[in-house]
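Numbering (my numbering), first residue to last: 2 to 424.
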């Protein structure tokens with residue numbers, strides 16, 4: 002099936018770690034048929050990307066990915082961002098859909114990405130699916146002006162793909178008539194697999210005989226790395242050779258570094274920074290266990306990647322983490338409890354957890370892509386002949402009959418994929 006992905010959450014030369022999972026899914030979908038992506042970028046980001054694309058990083062853009070600039074008036078609310086995407090990016094969507102003869106539209110994040118994708122799909126007469134990210138249904142609907150848009154978009158989508166069963170329940174609470182179904186994300190099974198621990202530690206410059214814990218993610222308040230550092234300080238009193246690897250970056254990094262020093266573990270924490278996916282297997286393989294201390298999570302791919310590398314985990318019992326928990330390879334603890342986390346970090350060192358992790362069988366991105374294609378094939382072609390604003394489903398409606406000089410100039414720089422913007 003020829004699928005057109007429409008989302009702002011996608012990696013590029015300037016932000017190579019953004020939405021890497023969407024790039025992986027697109028690659029898997031492209032293995033079975035011709036697929037493409039349209040990635041809207043606000044004009045400031047677009048100009049930065051344009052500069053990056055003139056450097057050696059141009060390889061980060063691909064023939065099947067089109068970056069489309071849009072302009073948003075400063076001070077306007079996020080609740081109307083889908084209108085900006087429609088105004089500036091619909092032409093890029095039309096060209097991409099025409100180029101691959103698209104059979105379905107797939108988006109990630111309910112609003113504005115999914116809302117824009119629904120409008121485009123209705124005009125093209127194609128089924129549309131939206132992948133729920135988590136906060137887009139857990140947090141965004143709390144905003145009184147955005148909730149109606151989120152509810153309408155969820156109800157309009159032919160498929161709402163949720164990465165966990167817990168998110169399916171959340172989606173149905175927000176929009177009871179949403180066609181929500183759980184579709185587990187995949188991982189790169191060729192990259193994330195068991196390997197030699199000593200070799201991984203040597204690669205990272207770590208002691209061969211140390212007890213090593215790993216954390217991977219964004220250093221933001223919800224991740225509660227302060228709790229992890231407190232727990233690690235307790236672990237060090239019983240395990241003086243313990244080392245904590247922190248792979249990630251974010252707004253809390255400076256404060257957390259100060260906190261580590263205050264807790265007396267400043268020299269035992271390795272700050273690895275944000276790492277590309279290809280560098281993460283060494284982190285998981287080097288560790289005795291992966292640890293997450295978050296106050297909120299969906300169903301973290303970090304834990305699946307860890308298990309795929311035969312590394313057990315300790316995590317807080319939040320979100321949908323329990324869906325991949327098994328006492329053979331993991332321990333769950335209450336959120337915000339450093340003492341419980343510390344005890345679990347010591348317990349998980351028991352050999353049985355490492356042996357249990359070796360029995361885990363991860364799901365590949367190819368399997369995820371195949372399920373999405375199957376569900377799209379079962380989806381009815383949109384029956385509604387009109388969008389919310391009364392437009393028809395004709396593809397020609399995506400391109401204005403008369404185009405201003407400014408729009409023509411914008412269209413010429415719409416696509417930064419190394420190829421033409423349409424055939």
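Cβ coordinates follow ideal geometry from the N, Cα and C atoms, glycine included.
Residue i classed as buried or exposed, judged by whether at least 16 other C-beta atoms fall within 10 angstroms
i: residue 188; result: buried
i: residue 140; result: exposed
i: residue 249; result: buried
i: residue 83; result: buried
i: residue 303; result: buried
i: residue 395; result: Residue placement at residue 395 is flagged as unreliable, the pLDDT there being 36, under the threshold of 50; the coordinate-derived value follows with that caveat. Exposed, since its Cβ has fewer than 16 Cβ neighbours within 10 Å.
i: residue 289; result: buried
i: residue 3; result: buried
i: residue 280; result: exposed
i: residue 180; result: buried
i: residue 299; result: buried
i: residue 120; result: buried
i: residue 142; result: buried
i: residue 265; result: exposed
i: residue 48; result: exposed
i: residue 59; result: Low confidence applies here, because residue 59 scores a pLDDT of 35, under 50, leaving its location unreliable; read the following figure in that light. Its Cβ having fewer than 16 others within 10 Å, residue 59 is exposed.
i: residue 112; result: buried
i: residue 165; result: buried
i: residue 217; result: buried
Reduced DSSP secondary structure (H/G/I, E/B, other) of residue i
i: residue 1; result: Here the chain comprises residues numbered 2 to 424, so residue 1 is not present and cannot be evaluated.
i: residue 265; result: coil
i: residue 163; result: strand
i: residue 11; result: coil
i: residue 124; result: helix
i: residue 177; result: coil
i: residue 43; result: strand
i: residue 245; result: strand
i: residue 118; result: helix
i: residue 209; result: coil
i: residue 339; result: helix
i: residue 358; result: helix
i: residue 183; result: strand
i: residue 16; result: coil
i: residue 170; result: helix
i: residue 142; result: helix
i: residue 298; result: coil
i: residue 327; result: coil
Per DSSP, the bridge partner or partners of residue i
i: residue 219; result: 250
i: residue 291; result: 215, 314
i: residue 439; result: There is no way to answer for residue 439, as the model of the chain reaches only from 2 to 424.
i: residue 271; result: 246
i: residue 188; result: 365
i: residue 256; result: Paired residues: none, contrary to the question.
i: residue 280; result: Bridge partners of residue 280: none, in fact.
i: residue 37; result: 5
Same chain, Cβ closer than 6 Å to residue i, five either side skipped, listed in chain order
i: residue 108; result: 7, 8, 114, 115, 118, 131
i: residue 311; result: 195, 358, 359
i: residue 329; result: 357
i: residue 5; result: 37, 97, 98, 103, 106
i: residue 18; result: 275
i: residue 168; result: 133
i: residue 101; result: 3, 35, 37
i: residue 291; result: 215, 307, 312, 314
i: residue 364; result: 185, 187
i: residue 240; result: 212
Boundaries of the alpha helix (DSSP H) in which residue i is found, first to last residue
i: residue 156; result: 148-157
i: residue 334; result: No alpha helix (DSSP H) contains residue 334, which is instead part of the beta strand (DSSP E) from 331-334.
i: residue 101; result: 82-101
i: residue 236; result: 226-239
i: residue 349; result: From DSSP, residue 349 is part of no alpha helix (DSSP H); its letter is neither H nor E.
i: residue 203; result: 198-205
i: residue 309; result: 302-309
Other residues of its chain near residue i: CB distance less than 8 Å, five sequence neighbours each side excluded
i: residue 42; result: 9, 13, 50, 68, 69, 70, 71
i: residue 172; result: 133, 138, 155, 161, 163, 179, 181
For residue i, the first and last residue of its enclosing beta strand (DSSP E)
i: residue 367; result: Counting along the chain, residue 367 falls outside any beta strand (DSSP E), though it belongs to the alpha helix (DSSP H) covering 366-379.
i: residue 22; result: It is not in any beta strand (DSSP E) - residue 22 instead sits in the alpha helix (DSSP H) that spans 21-31.
i: residue 66; result: 66-71
Close Cβ partners of residue i (< 7 Å) along its chain, the five nearest in sequence each way excluded
i: residue 22; result: 186, 302
i: residue 74; result: none
i: residue 348; result: 332
i: residue 87; result: 117, 120
i: residue 319; result: 295, 296, 297, 298, 336
i: residue 345; result: 315, 332, 334
Residue i at chain C interface by Cβ criterion, 9 Å
i: residue 268; result: You won't find chain C in this structure, because it holds only one protein chain.
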